[in-house]
Each structure stands twice: as C-alpha cells, then as structure tokens.
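Protein chains in written order, with the working numbering: chain A, 30 to 191; chain B, 1455 to 1610; chain C, 3 to 131.
C-beta atoms are modelled at their ideal positions from N, C-alpha and C, and glycine is treated no differently.
Here the structure comes first, spelled out in structure tokens, and everything after it is commentary.
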Amino acid sequence: MRWIWIDKFLEFESGKRAVALKNVTLAEEHLHDHFPGFPIMPECLMIEAMAQTAGILVGEARQFQEKVILAKIKNAVFYHYVQPGDTITLHAEIESISPEAASTIGQIKRGDTLIAQISLMFSHVDKNLAGKQFPQENFVFTDMFHSLLSGFMEQKAAGGKG
Amino acid sequence: MKFILIDKITAIEPAKTLTAIKSVSLAEEYLADHFPIFPVLPGVLLLEGLIESASWLVRQKNQFAQSMVLLENARNVRYKSFAAPGMQIQYTVNAKTIEDNTSSFTGVGVCGNEEIVAAQFTLRHFNLADENPKMAMTDGQIVENMKKRWKLLWTE
Amino acid sequence: MAMSRDEIYNQVKDVLVDALGLDDGDVREDATLMGDLGAESIDFLDIMFRLEKAFNIKVPREELFPAEAVMNNPEYVSGGKVTAKGLAELKSQMPHTDFSQFEKNPDVNKVVDLFTVGAIVNFVEGKLK
C-alpha cells in the first residue's frame, strides 16, 4: 500500500487553490476490508487525500522550505460514500497562512455531487519544534509529491489538457 | 496489507466506553512513505483507530442491526505527538449518545503518559437495504464478516 | 463600526468554542486558555487565524503570544522565575494583560496562565481602536 491518495492535479494556483483527482479502484487492497462485502473508500483516507492536496498547496506556497504536517482536523463532514469506479476531485483553498502554520478549507466532489467538506490546519514543524526531534531534510515532500506537481506544471506548459 | 487499525479491544462498558490497543510496526507498508526517514503512523489512521473503536461500541449496543457504520463528522481532531514503530497506542472512546442510526463520541489515543490524538466525532449507521431492498443479502454478508472480526478483537 | 466590549467578548467566545470544541458555558473572562480550556500550541495558531477573520485584523504572532521569546531568554528568566527585566519586557509586549497576580509569584511555568479569555478580549479591543 503506497501512502499517496491523489492521482493528479487538475488545477493549481500557487498560494491560493488547487484541484486534484483520485480514482477509486478495486485494485486497492484496503477497500476489501472496508467493508468485506461492500467496498467503499474509508472516510479517513478521504481526509488524507484532502490533506495531501492542501498540504502540497501550502508547501509550494512557501517553496517547500518547511515540513508541512497535518496538525488538526478542524472539521470534516461526509454526505455520501464513495465506491470503486468513482472518481473524486479534491478542491482545496488556503484560508490563512503564516510562517508557523496554515489553515485550509476544501470540498470533495464526485462529479457535481458534494461528498465532503473538510477544513484543516497544518503546522510548519521547523517553526514549531515543541521539543520533538526531527531529521534535518524535508522528509514530508518526497519525490512522489514533487513529481505529481511537476507533472502537472509540465503538462500546463506544453499546453496540454489536464 | 489489512485495513484494520486496532489490534485488540481491552475493555468495554457497553454503550459507554471502550478501550483498544494498536501496536505500530515497521511491517506496516505505508510507513515506508510516511515518512521515508521518519516513519510515523499517519494522523488519519490514528483517527481511524478511534472510529473503529467507537464503531464496535455501536455494533455491540445495536446487536449488529446495521451493517454500515461510517464517519459522519469529525471535529477538533488534534495531533499532539507522533506514534512510531515499536510504540503501542491505547485508544479510549466515550459515547455521548448511541441511537439506531447515529452516535456521538469523544476519544483519545495515548502512549503511556503521552497523549497522541484527541477527537470528537459522530458516526452514522444504516443498512444498504434501507435505500435498496435488493441489498439485504449484502447487508447480511457484511454483518457476518464483522461478527468474525469482532471475535478476533474481543474475548469476553 | 465600533464594537462594545460585550460584543467583542461574544465573538471571542464563539471563536474559542469552535476552535477548542467547548460548550458555551466553559468560556469565562478569567479562564486560562491552556489550563482551563485545554488549548495547545496548534490551537493558539488556529485561534489567531480565526480572530483575524472574525474581526478583520492582522495578528502578528509575537503580538498575541510574545511570552515565548521571553521564556527562552536567560536575561529574562532565572532560577525558574521571571526576572524584573523579564517582567518589564512582558508588560511592554502584552499591555492588554493583567500582571498583578503573576507578580506575586513570577514562576516561569505560570506565564501561560496569563493567557486568559479576558486578555484576548482586551487585545482585540486594542486592535480595533
């Protein structure tokens, strides 16, 4: 199981908002445990998909200088479940951002149907050490995330359709 | 890779409180990505541990009457520290209300004296047959499977 | 749009109830954010953002919670107590706070008790003038 919950970016406005997409497929093993007999995407993983979309948005806004970590789920409300074969889009927007933290709001949609509304707070851990030890390098924004974003930027530059 | 985020239920006060434990191990595949040089249990999976704990309180109280028990709303989920391989987390959930189709809880996860996560959340529970009577058999299947899982997690 | 202190208090109360998941009745003028209301460092930032939004003001972090710089400075803290110099520094940075209780026993661990609901209301009032 890879820990990446978005498949590609559809829109990206630096410092402001982003839209990413995730396909939900029976190939994802964990669906078969949630629940056996009726697989649906666990709500907590939908939160993670939003956290990754918003986290990259927040990280990029400050040139990935800090390690951006999910510190608080302010509110997450779910209206419908999501099944294999569905494609969900994650719409994230930066509400506030400072050197120490950022707050984002967002929606998950399936087509036009509103699946969830999620607001999050991220901590920029280099500025909020709180006595915990971390490795120096930015372990949060791995190659996986960078290639998601650069893949989108390249496509945009080439005038391709997202 | 199994999607079950608690290992054992350690105590139950029916319809009121449940405690469960989760051991964190490098064997858990996603830790390789989260994060490559600093493996820690993802925050949303800590929340999932609380959700699963609460779901069992619901299923037990309602005698597995509903097949689907899902997160409806999570609020003020605060991550206070990290859960690393080798650690064991203890989840405690307290039910504020448990009704047929909805329930609400507060929950915490601790490792020894250190608090890792705290949350408030509500669940919704229903049968697929409520919307589509043809799904009654699927509901039955889900319940049977969840009862088996219950036996794995809780020995009275 | 001049807001009365009561109006400010009610909005601050709403912010704290939302940010900390409290009941209305938990919030009192003299309640400390950390001790009584259970706020942690991420909550302070959350509260700061929400205050900015609610009152349309800018809150540089050092202004609302300047105590951190003082607590980490050896000139201002000695033997677990805030020195006279430290106290003067705190007072100049936090004019909206009542130090009379703290002065009786300036234990550095009690600095956090200075962050009360009332102090936040005073701070916002000051910003809105």
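Item to check | Own chain partners of C:Leu35 with C-beta closer than 6 angstroms, once the 5 adjacent residues on each side are dropped | outcome: Ala41 and Phe117, listed in sequence order.
Next on the checklist: Which residue wins for smallest C-alpha separation from A:Phe41, given the options A:Glu122, A:Ala78, A:Met173 and A:Ile117?
Outcome noted: Comparing Cα positions, the closest option is A:Glu122.
Item to check | Supposed close pair B:Ile1475, B:Ile1460 - CB separation, criterion 8 angstroms | outcome: Confirmed, Cβ separation roughly 7 angstroms.
Item to check | Between the CA atoms of B:Glu1598 and C:Leu24 - distance to the nearest angstrom | outcome: The alpha-carbon separation between C:Leu24 and B:Glu1598 amounts to approximately 39 angstroms.
Item to check | Neighbourhood of A:Leu143 by C-beta, 7 angstroms cutoff - its chain only, sequence neighbours within 5 removed | outcome: Correct list, in chain order: Tyr108 and Gln136.
Checklist entry - Should B:Val1571 and B:Leu1472 be called a contact, given that it needs their Cβ atoms to be closer than 8 angstroms? => result In this structure, B:Val1571 sits away from B:Leu1472, with a CB-CB distance that is not shorter than 8 angstroms.
Checklist entry - Taking Cβ-Cβ distances shorter than 8 angstroms, what residues in chain A pair up with C:Ile44? => result Result: Ala100, Lys101, Ala130, Met150, Ser152 and Asn157.
Checklist entry - Rounded to whole angstroms, how far is the Cβ of C:Leu22 from the Cβ of A:Glu129, which I believe are closer than 8 angstroms? => result Wrong, their Cβ atoms sit about 18 angstroms apart, outside the cutoff.
Next on the checklist: Only counting the same chain, and skipping five residues up and downstream in sequence, which positions put a Cβ closer than 7 angstroms to that of B:Ala1528?
Outcome noted: If we look at B:Ala1528 and ignore the five residues flanking it on each side, its Cβ neighbours are Leu1501, Ala1573 and Phe1575.
Checklist entry - Name the chain A residues whose beta carbon is nearer than 8 angstroms to that of B:Gln1520? => result The contacting residues do not exist; B:Gln1520 stays about 11 angstroms from chain A at best.
Checklist entry - In three-state terms, what does DSSP make of B:Met1600? => result Residue state, collapsed to three classes: helix.
Checklist entry - Do the CB positions of B:Val1523 and B:Ser1509 come within less than 8 angstroms of each other? => result The criterion of a C-beta distance shorter than 8 angstroms is satisfied by B:Val1523 and B:Ser1509.
Checklist entry - By the 10 Å Cβ neighbour count, where 16 or more other Cβ atoms means buried, how is A:Ile147 classified, buried or exposed? => result Around the Cβ of A:Ile147, a 10 Å sphere holds 16 or more other Cβ atoms; the residue is buried.
Next on the checklist: Out of C:Lys93, C:Pro62 and C:Pro108, which one is the CA nearest neighbour of C:Ser80?
Outcome noted: Taking the Cα of C:Ser80 as reference, the smallest distance to any Cα among C:Lys93, C:Pro62 and C:Pro108 is reached at C:Pro108.
Checklist entry - Would the segment 1487-1507 of chain B and the segment 67-86 of chain A be scored as touching if the rule is three or more Cβ pairs under 8 angstroms? => result Using a C-beta cut-off of 8 angstroms, the segment 1487-1507 of chain B makes contact with the segment 67-86 of chain A, since at least three inter-stretch Cβ pairs fall below that distance.
Checklist entry - Given a limit of 8 angstroms on CB to CB distance, which residues of the segment 108-127 of chain A reach chain C? => result If the cut-off is 8 angstroms between Cβ atoms, the segment 108-127 of chain A has Glu124, Ser125 and Ser127 near chain C.
Next on the checklist: Using C-beta distances below 7 angstroms, list every residue in its chain close to A:Trp34, excluding the 5 sequence neighbours before and after it, in chain order.
Outcome noted: Counting only Cβ-Cβ distances below 7 angstroms, and skipping sequence neighbours, we find Lys51, Leu74, Glu77, Ala78 and Gln81.
Item to check | Simplified DSSP state of C:Ser6, which is helix, strand or coil | outcome: DSSP places C:Ser6 outside both helix and strand once states are collapsed to three, so it counts as coil.
Item to check | Per-residue DSSP class, three states only, for B:Thr1592 | outcome: DSSP places B:Thr1592 in helix when its eight states are reduced to three.
Checklist entry - Tell me which same chain residues have a C-beta within less than 6 angstroms of the C-beta of B:Ala1465, skipping the five on either side of it? => result Correct list, in chain order: Thr1473.
Item to check | Which residues DSSP lists as bridging A:Phe41, in chain order | outcome: Note: A:Phe41 is bridge-paired with A:Ala47 in the DSSP secondary-structure output.
Checklist entry - For B:Thr1551, which beta-bridge partners are listed by DSSP? => result B:Thr1551 is bridged to B:Ser1558.
Item to check | Limits of the alpha helix (DSSP H) - the one that A:Met79 falls within | outcome: In the DSSP assignment, A:Met79 falls within the alpha helix (DSSP H) that extends over Glu72 to Ala90.
Checklist entry - At what residues does the beta strand (DSSP E) containing C:Glu81 begin and finish? => result The sequence shown places Gly at residue 81 of chain C, rather than the Glu named in the question. DSSP places C:Gly81 outside any beta strand (DSSP E), giving it a letter other than H or E.
Checklist entry - What's the C-alpha gap between B:Lys1456 and A:Phe64? => result Their backbone Cα atoms lie some 11 angstroms apart in a straight line.
Checklist entry - Would DSSP call A:Gly66 helix, strand or coil? => result The answer is coil: DSSP assigns A:Gly66 none of H, G, I, E or B.
Checklist entry - Would you say B:Thr1560 reaches chain A, if we count a Cβ-Cβ gap shorter than 8 angstroms as a contact? => result Closer than 8 angstroms to the CB of B:Thr1560 there is not a single CB belonging to chain A.
Item to check | Spatial distance of B:Glu1553 from B:Thr1560 (CA atoms) | outcome: Rounded to whole angstroms, the gap between the alpha carbons of B:Glu1553 and B:Thr1560 is 16 angstroms.
Item to check | Chain-ordered chain A contacts of B:Ala1528 [CB-CB under 7 angstroms] | outcome: In chain order: Ile102 and Ala105.
Checklist entry - Can a CB atom of chain A be found closer than 8 angstroms to the CB of B:Leu1505? => result In the sequence as displayed, the identity of residue 1505 of chain B is Ile instead of Leu. Output row for B:Ile1505: interface = yes.
Checklist entry - Per DSSP, what kind of secondary structure is B:Ile1505 in: helix, strand or coil? => result In the structure shown, B:Ile1505 adopts helical secondary structure according to DSSP, grouped into three states.
Next on the checklist: Can you list, in chain order, the residues of its chain with a C-beta nearer than 7 angstroms to that of C:Val14? Leave out the 5 residues immediately preceding and following it.
Outcome noted: Cβ neighbours of C:Val14 within its own chain (closer than 7 angstroms, five residues either side excluded): Val119, Ile122, Val123 and Val126.
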